[in-house]
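Shown next, in structure tokens, is the structure this report addresses.
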Amino acid sequence: MSMKKEWKREQADGTTIFRTCAWSPPGEHPVGWGMELTVDAEGNLIKVEGDKEHPIYQGRLNATGLDLVEYVNHPDRIIYPMKRAREDRGKDKWERITWEEAYDIIEEQVKDIKEKYGARSIMVHGGTGREAVMYSYPLAFSVLQTPNYCYSQSGWSCYGPRTTVSDFILGAGYPEIDYAGFFEQRYDDPNYVVPDYIVCWGKAPLASNPDGLHGHALIDLMKRGTRIICIDPRVTWLGCREGNWTIQIKPQTDTCLALGLINIIVKEDLYDHDFVENWCYGFEELAERAAEFPVDYVSEVTWIPEDQIIALARYLGTHHPGAMAWGLAIDQQSNGIQAGHAILALAAITGNLDVPGGLTVGAPNSFMGKWRMDSRQFVAEEDWAQRIGAEEYPALAYTHATTHPDVTLDVLETGDPYEIHMSWFNSTNLIAPTNSAQPHRWYEALKKVDFAVCTDLFMTPTAMAFADIFLPLSAFPEHDGIVLPHYGRNSVFLGCMNKASRRGECKSDLEIDLELGKRLNPAGWPYDSVEDFFDSLLVPEYGFTFDDLRQIGCYQPSYTYRKYEKGMLRPDGEPGFNTVTGKVELYSIVYEAWGEDPLPYFEKPRWDETSHPELAEEYPLIMTTGARDYASFHSEHRQLAQMREITPWPVVEIHPETAASYGIEEGDWVEIASPFGKAREKAHITAIIDPRVVHTRHGWWYPEQDGEEPNLFGVWKSNINELRPHKEIGKLGFGAPYKGVMCEIRKVDGLSD
1 MSMKKEWKRE QADGTTIFRT CAWSPPGEHP VGWGMELTVD AEGNLIKVEG DKEHPIYQGR
61 LNATGLDLVE YVNHPDRIIY PMKRAREDRG KDKWERITWE EAYDIIEEQV KDIKEKYGAR
121 SIMVHGGTGR EAVMYSYPLA FSVLQTPNYC YSQSGWSCYG PRTTVSDFIL GAGYPEIDYA
181 GFFEQRYDDP NYVVPDYIVC WGKAPLASNP DGLHGHALID LMKRGTRIIC IDPRVTWLGC
241 REGNWTIQIK PQTDTCLALG LINIIVKEDL YDHDFVENWC YGFEELAERA AEFPVDYVSE
301 VTWIPEDQII ALARYLGTHH PGAMAWGLAI DQQSNGIQAG HAILALAAIT GNLDVPGGLT
361 VGAPNSFMGK WRMDSRQFVA EEDWAQRIGA EEYPALAYTH ATTHPDVTLD VLETGDPYEI
421 HMSWFNSTNL IAPTNSAQPH RWYEALKKVD FAVCTDLFMT PTAMAFADIF LPLSAFPEHD
481 GIVLPHYGRN SVFLGCMNKA SRRGECKSDL EIDLELGKRL NPAGWPYDSV EDFFDSLLVP
541 EYGFTFDDLR QIGCYQPSYT YRKYEKGMLR PDGEPGFNTV TGKVELYSIV YEAWGEDPLP
601 YFEKPRWDET SHPELAEEYP LIMTTGARDY ASFHSEHRQL AQMREITPWP VVEIHPETAA
661 SYGIEEGDWV EIASPFGKAR EKAHITAIID PRVVHTRHGW WYPEQDGEEP NLFGVWKSNI
721 NELRPHKEIG KLGFGAPYKG VMCEIRKVDG LSD
């Protein structure tokens with residue numbers, strides 16, 4: 001059913017209102033907020049409101065969405081292409097050029113580097129969350145024709161581990177909580193059942209609105225009787241609400257807890273016998289592994305009282321339906337693949353997969369995801385075989401078609417097995433404390449590259465440090481596009497992004513791909529326009545064009561529950577799951593083939609008092625980080641006055657008892673140090689954190705400071721990723737200890753000495 005209002009409405013005062021579904025930039029996950037954008041006669045964005053007709057959001061927006069006018073019209077935005085001499089890197093010596101001049105320089109450099117060193121000597125660095133994730137792969141594979149696309153976060157520790165677990169264990173896309181997003185009538189659809197509970201396991205949906213989950217859906221469900229169970233090192237707002245439940249866990253011990261819960265559920269015969277017997281493989285082996293985790297041991301490891309663990313297990317085993325929203329905290333640990341495996345096994349044995357009110361199960365890939373991966377056909381097989389990290393970590397290379405991030409840093413530093421001569425920074429502020437561990441090492445290694453391009457909206461530390469060419473990106477109100485929650489892996493809707501405003505000469509990621517692709521690889525870009533490109537994908541898949549989608553506004557596909565019973569998950573049409581065994585693999589055949597333990601196992605945290613007792617006195621606390629902030633998306637939005645008013649400084653959360661023991665008071669500057677580095681943040685004294693843990697903010701740099709080297713907008717002052725180790729990753733190459741490294745704290749006089 002189409003939305004009632006037209007997508008474009010001219011007003012008597014000369015303004016025009018455009019209906020759109022948001023993605024990015026500015027940074028945002030692909031949740032597709034429904035918006036109405038008011039634009040004046042000159043094409044300037046002047047007002048933003050939530051679209052009450054949008055079936056998912058119903059007029060709701062988040063803080064950064066409400067501040068879109070300030071972002072789009074900010075005077076510091078880069079709105080024209082620029083260049084500077086290589087010897088001026090790190091200096092604010094930019095010269096405005098045309099797009100044709102920029103493309104000429106890029107084309108010349110790419111062809112020269114390919115001729116001298118081969119296409120594999122070019123690397124594209126992609127960021128997280130933004131719309132660019134759909135277009136950075138083909139930028140590498142089909143425009144530049146390099147095999148080396150890199151997401152630089154150590155252990156690929158964001159979303160990748162969870163999708164890998166889903167691929168291998170279910171043969172399916174992302175399992176998301178069922179918040180009735182597929183249905184026009186939403187919660188009133190006769191096929192829908194309100195969940196009895198939702199577990200937010202290392203996930204804060206209200207702040208993060210992650211990938212395909214509109215956080216406010218949990219508020220809707222709470223009002224309908226759903227109980228929210230928060231498993232987190234910090235006490236959260238959701239966990240404190242009446243009737244909800246907080247399970248405060250030691251960072252990076254999630255696998256231990258999950259296996260302990262499975263043990264109790266199995267021993268007390270609380271599992272779903274029908275689903276286990278008919279649709280699960282390896283239950284007996286899993287039960288045997290889980291028996292190694294008695295409740296007293298689990299309590300000692302996780303810091304959770306025994307009675308809470310028992311009560312939680314019994315609750316999960318006796319209440320139906322229920323769903324588990326597993327978050328970034330599961331990815332960001334060396335044991336993350338095993339944690340995800342155990343959590344998904346827990347959902348399976350309690351009978352909550354692909355049932356109303358449980359976890360919805362999506363396809364492994366979407367029409368755009370398939371196109372994105374198909375673009376690798378333009379990479380020479382010889383080059384593809386030499387993709388960085390593919391031999392050392394084939395599981396990651398196979399599932400994500402990228403380089404391995406940790407191996408990438410090794411190669412950049414050593415030039416072995418080959419050197420990288422060109423870098424393209426595609427919507428990534430790589431050295432800011434958003435993703436890369438040990439960013440100083442990345443900084444030193446990337447300075448050696450012969451030629452570098454950066455695409456972004458603002459001058460960032462990364463662009464200032466490395467770029468020779470800066471290409472200005474359009475914000476989403478300034479270009480046409482499509483938004484797919486979960487990047488197509490489990491999309492409750494398909495939203496249309498309609499170009500409404502304009503600013504300077506900015507272009508979208510797709511426009512850059514199309515235009516540069518026609519120069520460097522015309523065979524890969526046979527499209528006449530952005531609309532033509534979308535039509536080529538939409539018509540075969542859905543039977544409608546991009547213009548049709550404009551009129552629809554927000555397309556909700558139908559959803560069928562228990563697809564495994566109906567032969568809807570396997571390409572051969574047989575009942576079951578699209579795995580080797582045709583079942584949910586509690587015992588993974590694929591893991592076994594990769595040389596990994598086929599069952600989930602607990603590995604103690606790599607850098608805490610249990611693994612390094614010799615450092616416990618010097619570093620007595622555990623630092624976790626990465627919780628989302630309502631006023632930013634990772635390192636974005638730091639220029640915005642309204643967002644800085646909400647969160648003016650990075651804060652480190654410290655328990656009152658701990659703060660008192662260090663002589664630290666509210667608002668003091670604090671230096672946090674680990675065996676690997678240091679960073680400074682302001683103290684926030686709060687009882688929501690365990691006395692043995694401190695929580696820090698990530699993504700901080702200071703656009704108001706000097707942008708030139710060596711300061712680079714103060715990027716090194718609060719760079720929390722300096723405290724992270726390099727290559728402390730899981731056996732398959734996934735997961736790194738972003739969520740728990742031993743540390744010390746001390747009071748200091750200010751942000752810098």
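Going letter by letter, the sequence shown gives residues 1 to 753 in full-length UniProt numbering. Ideal Cβ placement from N, Cα and C applies to all residues, glycine included.
For residue i versus residue j, is the C-beta spacing smaller than 9 angstroms?
{"i": "Gln109", "j": "Met422", "result": "yes"}
{"i": "Asp618", "j": "Thr360", "result": "Asp is not the amino acid found at residue 618; the sequence shown has Glu there. In this structure, Thr360 does not lie closer than 9 angstroms to Glu618 by Cβ."}
{"i": "Asn498", "j": "Phe168", "result": "no"}
{"i": "Lys91", "j": "Glu709", "result": "yes"}
{"i": "Leu270", "j": "Thr164", "result": "no"}
{"i": "Gly714", "j": "Glu636", "result": "no"}
{"i": "Phe534", "j": "Gly32", "result": "no"}
{"i": "residue 794", "j": "Lys47", "result": "A question about residue 794 goes unanswered here, because the residues of the chain that appear run from 1 up to 753."}
{"i": "Tyr487", "j": "Met368", "result": "yes"}
{"i": "Asp254", "j": "Trp303", "result": "no"}
{"i": "Cys454", "j": "Cys21", "result": "no"}
{"i": "Leu259", "j": "Ala290", "result": "yes"}
{"i": "Gln252", "j": "Val235", "result": "no"}
{"i": "His695", "j": "Ala616", "result": "no"}
{"i": "Thr624", "j": "Lys448", "result": "no"}
{"i": "Arg89", "j": "Asp450", "result": "no"}
{"i": "residue 754", "j": "Gln338", "result": "Residue 754 lies beyond the range of the chain shown here (1 to 753); nothing can be said about it."}
{"i": "Lys203", "j": "Ala329", "result": "yes"}
{"i": "Glu584", "j": "Leu170", "result": "Residue 584 is actually Val in this sequence, not Glu. Going by C-beta atoms, Val584 is nearer than 9 angstroms to Leu170."}
{"i": "Gly553", "j": "Glu53", "result": "yes"}
Run through the DSSP bridge pairs and tell me what residue i is partnered with.
{"i": "Trp371", "result": "Answer is none; Trp371 lacks a bridge partner."}
{"i": "Asn426", "result": "Gly126, Thr455"}
{"i": "Ile265", "result": "Per DSSP, none; premise fails for Ile265."}
{"i": "Arg77", "result": "Phe458"}
{"i": "Arg746", "result": "Glu671"}
{"i": "His695", "result": "Thr624, Glu653"}
{"i": "Asp232", "result": "Gln248"}
{"i": "Met82", "result": "Arg96, Phe470"}
{"i": "Arg680", "result": "Glu671"}
{"i": "Pro526", "result": "None, per the DSSP bridge assignment."}
Out of the options, state which residue places its alpha-carbon closest to the alpha-carbon of residue i.
{"i": "Pro557", "options": "Asn490, Met123, Tyr601", "result": "Asn490"}
{"i": "Gly322", "options": "Arg227, Asp528, Pro394", "result": "Arg227"}
{"i": "His29", "options": "Trp701, Arg120, Cys158, Pro147", "result": "Cys158"}
{"i": "Ala437", "options": "Gly677, Thr236, Gln705", "result": "Gly677"}
{"i": "Gly340", "options": "Gly573, Phe602, Met3, Gly212", "result": "Phe602"}
{"i": "Pro485", "options": "Asn44, Thr15, Glu53, Gly173", "result": "Gly173"}
{"i": "Asn426", "options": "Ser508, Ile46, Gly504", "result": "Ser508"}
{"i": "Trp594", "options": "Asp706, Thr462, Lys731, Asn711", "result": "Lys731"}
{"i": "Leu514", "options": "Leu139, Gln377, Pro75", "result": "Leu139"}
Any idea if residue i is buried or exposed, counting beta-carbon neighbours within 10 angstroms, 16 or more meaning buried?
{"i": "Cys150", "result": "buried"}
{"i": "Trp237", "result": "exposed"}
{"i": "Arg746", "result": "exposed"}
{"i": "Asp629", "result": "buried"}
{"i": "Asn209", "result": "buried"}
{"i": "Ala390", "result": "buried"}
{"i": "Thr403", "result": "buried"}
{"i": "His479", "result": "buried"}
{"i": "Asn335", "result": "buried"}
{"i": "His319", "result": "exposed"}
{"i": "Ala325", "result": "buried"}
Indicate the three-state DSSP secondary structure (helix, strand or coil) for residue i in the structure shown.
{"i": "Pro472", "result": "strand"}
{"i": "Met3", "result": "coil"}
{"i": "Leu316", "result": "helix"}
{"i": "Trp607", "result": "coil"}
{"i": "Phe577", "result": "coil"}
{"i": "Ala323", "result": "strand"}
{"i": "Met134", "result": "helix"}
{"i": "Cys256", "result": "helix"}
{"i": "Lys223", "result": "helix"}
{"i": "Pro703", "result": "coil"}
Heavy atom of the ligand HEM less than 8 angstroms from the Cβ of residue i, yes or no?
{"i": "Cys256", "result": "Absence of the ligand HEM from the depicted structure is noted, as is the absence of any ligand whatsoever, leaving it without description."}
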